[in-house]
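Residue numbers (our numbering): 9 to 512.
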């Protein structure tokens, strides 16, 4: 490579005129132009410029920069005392013949190249080692931060990661067709046509993601012992001394529940480190979720019926009390119906008044033919007086309390009107209690129908599957994702480092 540089250097010299070759500024400008295309040739030209004008500040600065770049890119081409050996050019440049100067320069350069080649042959191995070290330094960041971590992750994914098996199932919450099991009157009472809530799938998902489900699975399948097996890799298994919170978080990572917004079908995906255990775990979750949905319906129905039955019992007790009070009143006063009793007393009073009118007519007829002391007249007058007394007694019984000897033994001092008022009060209370009882009975029947309608059942659209192949880890996807993340982080770090270096 040194021979090629010298050949191009000679070609450059032959192209230059004597004034250009001896002009340090021209050589400086040429060196800067060739810096990118041919750094060694640019460095040889700046050496010539520095020899011509060693005290130039700009030339010395460019010389130092190019020498530093040569040390980084072409360290084997920099030799000790190279500048001293090129000082011969200065004495030769003063000659008048351009061709003689060129020949002298070529001889000197060829001699220098011979020395350089011999030195390169001696230190070939040393330069090769230095080259390898430099290349290693250049490539070290991406190896450390990208390739090496990716290879470690790939080894883990392919050879060390424990396979996971996934079992899936599909569930849906359904209600019985209550309209087909009741007559028209009960359908009217039940209020059919009310749409059911769509929160049932959300309840199923919430219960599967709950601590209650985890406790049930631990009790039935010893779930924690499966997740803490020693044959599972350390990054995938659950720690044996994990807390309840860590255990619950690990469980949530193994179960995934998805709900279809249109069909309301609940899809459940369960992961385990064994295909058999994944199948049994999925079955246990479906069984417990079915029990939960059924228990919710029954508990709601029981609570509603219990409340309605309690209210119905209160209404029924009021009805029984009203009946009892009415019966006691009738037994106390020996009356079947005070209204009928009052009507009968009124009819008796009317009949007595009719007899009094008849006796008045008979008495006037007797007095017209007989004296007042005649036995027939006296007897008729006595009957008339007796009728008046009886009429007075009957009127007192109807209106107000009379003396004890003129009042019936059944009334115990109460008039018929008073008995009728108290009887009406008891009768109204009984009728109100009976109406409330009838309404409560209807509400009770309606609540029973509503309770039946609220019963829900968890139907298995797809039974739990038994996996044959492991689904996790997804090696290709994980490796591609890891590579993208590492490259992104490495690129971001390089940009940040370059920005900081530029600012400094």
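Note that the Cβ used here is the ideal one computed from N, Cα and C, for glycine as well.
Note that this is a predicted model, so its numbers are computed, not measured.
Grab the span of the beta strand (DSSP E) containing residue i for me, first residue to last.
{"i": "residue 266", "result": "263 to 267"}
{"i": "residue 467", "result": "465 to 470"}
{"i": "residue 341", "result": "No beta strand (DSSP E) contains residue 341, which is instead part of the alpha helix (DSSP H) from 283 to 341."}
{"i": "residue 280", "result": "274 to 280"}
Report all residues from its chain with a CB closer than 6 angstroms to the CB of residue i; omit the five preceding and five following residues, and keep chain order.
{"i": "residue 465", "result": "182"}
{"i": "residue 42", "result": "49, 50"}
{"i": "residue 441", "result": "326, 327, 330"}
{"i": "residue 71", "result": "54, 58"}
{"i": "residue 479", "result": "174"}
{"i": "residue 259", "result": "222"}
{"i": "residue 425", "result": "none"}
{"i": "residue 1", "result": "Because the chain here runs from 9 to 512, residue 1 falls outside it and cannot be looked at."}
{"i": "residue 481", "result": "165, 169"}
Apart from the five residues just before and just after residue i, which ones in its own chain have a Cβ nearer than 7 angstroms to its Cβ?
{"i": "residue 209", "result": "181, 267, 272, 274"}
{"i": "residue 118", "result": "Low confidence applies to residue 118: its pLDDT is 47, below 50, so where it sits in the model is not reliable enough to give any reading."}
{"i": "residue 516", "result": "Outside the displayed range of the chain (9 to 512) lies residue 516, so it cannot be described from this structure."}
{"i": "residue 291", "result": "472"}
{"i": "residue 215", "result": "221, 297, 300"}
{"i": "residue 106", "result": "With a pLDDT of 44 at residue 106, under the threshold of 50, the modelled position of this residue cannot be trusted, and the question is left open."}
{"i": "residue 282", "result": "173"}
{"i": "residue 483", "result": "165, 166"}
{"i": "residue 452", "result": "316, 317, 320"}
{"i": "residue 474", "result": "175, 283, 287"}
{"i": "residue 241", "result": "168, 169, 170"}
{"i": "residue 430", "result": "337"}
{"i": "residue 32", "result": "57, 60, 61, 64, 67"}
{"i": "residue 226", "result": "232"}
{"i": "residue 417", "result": "At residue 417 the pLDDT is 47, less than 50, meaning the model places this residue with poor confidence; the figure from the coordinates comes in the next sentence. So the list is empty, once near-sequence residues are dropped."}
Near residue i, what residues of its chain come up, given a Cβ to Cβ distance below 8 angstroms and the 5 sequence neighbours on each side ignored?
{"i": "residue 256", "result": "219, 222"}
{"i": "residue 158", "result": "487, 490, 491, 494"}
{"i": "residue 339", "result": "none"}
{"i": "residue 363", "result": "395"}
{"i": "residue 306", "result": "463"}
{"i": "residue 229", "result": "285, 288, 289, 292"}
{"i": "residue 74", "result": "39, 43, 47, 50, 51, 54"}
Taking the alpha helix (DSSP H) that residue i belongs to, which residues open and close that run?
{"i": "residue 242", "result": "Run containing residue 242: none; DSSP gives neither H nor E here."}
{"i": "residue 212", "result": "208 to 216"}
{"i": "residue 34", "result": "32 to 42"}
{"i": "residue 506", "result": "483 to 511"}
{"i": "residue 26", "result": "26 to 29"}
{"i": "residue 48", "result": "47 to 60"}
{"i": "residue 224", "result": "219 to 229"}
{"i": "residue 474", "result": "Residue 474 -> no alpha helix (DSSP H), and no H or E assigned at all."}
{"i": "residue 70", "result": "65 to 81"}
Are any of the Cβ atoms in chain B nearer than 7 angstroms to that of residue i?
{"i": "residue 232", "result": "Within the model displayed, chain B is absent; a lone protein chain is all it includes."}
Under 8 angstroms by Cβ, that's how I've got residue i and residue j pegged, so tell me the actual separation to the nearest angstrom.
{"i": "residue 213", "j": "residue 270", "result": "Residue 213 to residue 270, Cβ: 16 angstroms. No contact."}
{"i": "residue 263", "j": "residue 176", "result": "Actually they are not in contact, since the Cβ atoms of residue 263 and residue 176 sit about 11 angstroms apart, beyond 8 angstroms."}
{"i": "residue 179", "j": "residue 294", "result": "7 angstroms"}
{"i": "residue 324", "j": "residue 445", "result": "6 angstroms"}
{"i": "residue 371", "j": "residue 392", "result": "6 angstroms"}
{"i": "residue 207", "j": "residue 319", "result": "Contact flag wrong, Cβ pair sits at about 28 angstroms."}
{"i": "residue 77", "j": "residue 47", "result": "6 angstroms"}
{"i": "residue 402", "j": "residue 357", "result": "4 angstroms"}
{"i": "residue 67", "j": "residue 40", "result": "Not quite, the Cβ-Cβ distance comes to about 11 angstroms (not below 8 angstroms), so this is no contact."}
{"i": "residue 398", "j": "residue 360", "result": "5 angstroms"}
What runs of the beta strand (DSSP E), each 3 residues or longer, lie entirely inside the stretch 153 to 186? 173 to 182
Just checking, does the stretch 229 to 249 make contact with the stretch 307 to 321 on the three C-beta pairs under 8 angstroms criterion? no
Flag this pair as touching only if the stretch 354 to 374 and the stretch 382 to 396 have three or more C-beta atom pairs under 8 angstroms; answer yes or no. yes
Determine contact between the stretch 155 to 174 and the stretch 274 to 291, defined as no fewer than three beta-carbon pairs at a distance below 8 angstroms. They touch, by the three-pair rule.
Ordered list of alpha helix (DSSP H) runs contained in the stretch 424 to 463, each at least 4 residues: As for any alpha helix (DSSP H) of minimum length 4 sitting wholly inside the stretch 424 to 463, the runs are 424 to 462, ordered along the chain.
Which runs of the alpha helix (DSSP H) spanning at least 4 residues fall entirely within the stretch 363 to 409, listed in chain order? 383 to 407
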